[in-house]
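Data block below; observations after.
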Amino acid sequence: MGIDDMKDKASEAAHSDKAEEASDSGLDKAESAASKVAEGHEDKVSQARDKGDEALGNG
2 MGIDDMKDKA SEAAHSDKAE EASDSGLDKA ESAASKVAEG HEDKVSQARD
52 KGDEALGNG
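2 is the number of the first residue of the sequence shown in our numbering; add one for each residue after it.
Here's what the structure looks like:
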């Protein structure tokens, strides 16, 4: 297996449904924790979570 094959497999893994679920779970936990700390700014926290999901997500 060459470097290009390994790169392709890593790319496939990063864009899998399992990776999407893991990133969503992490973002949800971060959003929850940030909302508790930044009371009154939940809308901004939610927007930041959505931006993170756009950057990390598969869709």
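Note that CB positions come from ideal geometry on N, CA and C, so glycine has one too.
Query                                                                                                                        : Result
Going by Cα to Cα distance, which pick from 47, 54, 6 is closest to residue 34?                                              : 47
Going by the beta-carbon positions, is the gap between residue 28 and residue 54 smaller than 7 Å?                           : yes
Excluding sequence positions up to five away, which residues of its chain have a Cβ less than 8 Å from the Cβ of residue 39? : 45, 46
To the nearest angstrom, how far is the alpha carbon of residue 57 from that of residue 24?                                  : 7 Å
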